[in-house]
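Report on the structure given below.
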DNA sequence: TCAAAAGTGTTCCCTGTACACCCATGG
DNA sequence: CCATGGGTGTACAGGGAACACTTTTGA
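Chains as they are written, first to last, in this note's numbering: chain A, 1 to 232; chain B, 1001 to 1232.
If you want it as structure tokens, here you go:
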């Protein structure tokens, strides 16, 4: 595996907050650098003649194996607090790379994106600099490098604002799901409990849900309907 | 006057949509390049060791003479459609600059900001590359270079969404104003008419307006109260 | 027949909207 | 005393929140 070379634009990067949902919990993909106990958001660089959005899609496909990903830009971070060349130097040295004047040691302005993906369909894949990439519960994140924690919070803030407006939540679920699962996604994102009856009514009143056959789980209670999102 | 040198980060710029309000109209500061009939948003570059937000504030102060400006980042644009080196080449040549391999001819990713300022307190000041900077009505903008029209639309979109949420509108008005003026600002931004009675009630119910003495305009009707925003 | 969860119904309250009415002011 | 615009009152509709009731399922 090889490092990015200077076919990339210097001083510009992107970082992505990749949300998934499983076991009633909101989860985020976090990578760990080799032997470093240093945790970070998956990010990358933009090629000289590559559209910014394409660069992010490329990176996300490599990390998740997914092709069509719901992606939204939320903020660009350009403070000097985020300039910590020692950390990147240690990461590069650990890999045995020549580090003097390496372009990755420069000061970076990073564009933050968040993605919503279906937890089950992902195969997390590490990149050249990291030895692991895994899901972490939002409320049990490890300490993240630089300002990445701030990125997570700002991404979630944006997601909360746009949750109703753009009906994003279905990106986190499989094709068919129960009303309870949909409600759990909302609750995980919003961080609060919602009234079951009112939630059901509100979702149905939007007219974007397709009702399917009931799902018999074997539980000793009424079987719930399955729903999918209409694709018009 | 001198051009920016390479103490600036290459390939990164910012552009600002500066909103003002006068004569019931929403206005935007647009600059024109020397003898070019080319119109653009005021923008600039980031110094190597300068925080992004500071760079934008610096540029806006130079252009407007104002110090404390309400400023909000709204989106970062990184498509390849915005790479039009011929235009920048002509602008530089017109100024008699050496243009071969000039860093300003490279491909740029630009961070979009919008600002809200008090129309009356501004002294628009051109920069080295432009010979004029003036207010244009939002609904009578000239044709703008590259994707700057798209920036304007996206800025206004963000402003509309955050208008109520953050109570931004007072940045566009003088210290004291009438309820009618405030309503006109809202109507100019939202692009729709609002009910006078309900608008008044809603604003007052927010508890952020301080009522002052009445303003006698000499008009043959009831004199309106003046208001200011509470600063807590 | 019982508990648990799903589905639906009812009531209350708040907010936004539309419209009506009175008040101050200068001609 | 009239036209104009400012300030306030009222009545109605729609949506959210809280809660109750019924239905389905397996044990």
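For glycine and all other residues, C-beta sits at the position ideal for the given N, C-alpha and C.
Where does residue 1207 of chain B sit, in a helix, a strand or coil, going by DSSP?
For residue 1207 of chain B, the secondary structure class from DSSP, reduced to helix, strand or coil, is coil.
Do residue 226 of chain A and residue 177 of chain A have their C-beta atoms within less than 8 Å of each other?
yes
Residues of chain B with CB closer than 7 Å to the CB of residue 111 of chain A, please, in chain order.
1076
So with CB distances below 7 Å, who are the chain A contacts of residue 1009 of chain B?
11
Which residues, in order along the segment 1095-1122 of chain B, keep a beta-carbon less than 8 Å from a beta-carbon of chain A?
1107, 1109, 1111
Could you tell me if residue 1042 of chain B is buried or exposed, where buried requires 16 or more neighbouring beta carbons within 10 angstroms of its beta carbon?
buried
For the candidate residues A:11, A:29, A:12, whose alpha-carbon lies nearest to that of residue 140 of chain A?
A:29
Among B:1172, B:1081, B:1216, which residue has its Cα nearest to the Cα of residue 960 of chain B?
This structure cannot speak to residue 960 of chain B, because chain B is shown only from 1001 to 1232.
Can you pull out the residues from the segment 127-149 of chain A whose beta carbon lies closer than 9 Å to at least one beta carbon of chain B?
none
Would residue 79 of chain A count as contacting chain B if we go by Cβ distances under 8 Å?
yes
Can you tell me whether DSSP reads residue 1185 of chain B as helix, strand or coil?
helix
At 4 residues or longer, what runs of the alpha helix (DSSP H) sit wholly inside the segment 1043-1088 of chain B?
1052-1064
How would you list, in chain order, the residues of chain B whose beta-carbon sits under 8 Å from the beta-carbon of residue 46 of chain A?
Scanning chain B for C-beta atoms nearer than 8 Å to the C-beta of residue 46 of chain A yields 1078, 1109, reported in chain order.
Are residue 1210 of chain B and residue 1230 of chain B close, meaning C-beta to C-beta below 8 Å?
Cβ atoms of residue 1210 of chain B and residue 1230 of chain B: closer than 8 Å.
Report, in whole angstroms, the separation of the C-beta atoms of residue 113 of chain A and residue 77 of chain A, which I expect to be a contact under 8 Å.
The Cβ separation is near 12 Å, so there is no contact.
For the candidate residues A:19, A:7, A:12, A:201, whose alpha-carbon lies nearest to that of residue 156 of chain A?
Checking every option, the nearest Cα to that of residue 156 of chain A belongs to A:19.
Would residue 1014 of chain B and residue 1125 of chain B be called neighbours here (beta carbons separated by less than 8 Å)?
no
Could you tell me whether the Cβ of residue 1051 of chain B comes closer than 8 Å to any Cβ of chain A?
yes
In terms of residue numbering, what span does the beta strand (DSSP E) encompassing residue 155 of chain A cover?
Segment 148-166 is the alpha helix (DSSP H) holding residue 155 of chain A; no beta strand (DSSP E) there.
Identify which residue in A:130, A:191, A:148 has its Cα closest to the Cα of residue 159 of chain A.
A:191
Excluding the five sequence neighbours on either side, which residues of its own chain have a C-beta within less than 8 Å of the C-beta of residue 1147 of chain B, listed in chain order?
Cβ neighbours of residue 1147 of chain B beyond the five flanking positions: 1077, 1079, 1081, 1082.
Suppose the cutoff is 8 Å on Cβ atoms and the five residues either side in sequence are ignored; what does the same chain contact list for residue 84 of chain A look like?
145, 146
With a cut-off of 8 Å, does the C-beta of residue 73 of chain A fall near any C-beta of chain B?
yes
Quick one: using the 10 Å Cβ neighbour count with 16 as the cut-off for buried, is residue 1133 of chain B buried or exposed?
buried
Could you say which of B:1189, B:1174, B:1127, B:1183 lies nearest to residue 1119 of chain B if we only look at CA atoms?
B:1174
Per DSSP, which one or two residues make a beta bridge with residue 1135 of chain B?
B:1029
So which of A:197, A:212, A:16, A:217 has the shortest CA-CA distance to residue 60 of chain A?
A:16
With DSSP collapsed to three states, give me the class of residue 105 of chain A.
In the structure shown, the three-state DSSP call for residue 105 of chain A is helix.
Residue range of the beta strand (DSSP E) that residue 1229 of chain B falls in?
1225-1229
Please tell me whether residue 47 of chain A and residue 55 of chain A are closer than 8 Å, where the distance is taken between their beta carbons.
yes
Going by other Cβ atoms of all chains shown within 10 Å of its Cβ, with 16 needed for buried, is residue 217 of chain A buried or exposed?
exposed
Report the three-state DSSP secondary structure of residue 1 of chain A (helix, strand or coil).
For residue 1 of chain A, the pLDDT reaches just 41, beneath the cut-off of 50, and the residue's location in the model is therefore unreliable, although a value from the coordinates is still provided. The answer is coil: DSSP assigns residue 1 of chain A none of H, G, I, E or B.
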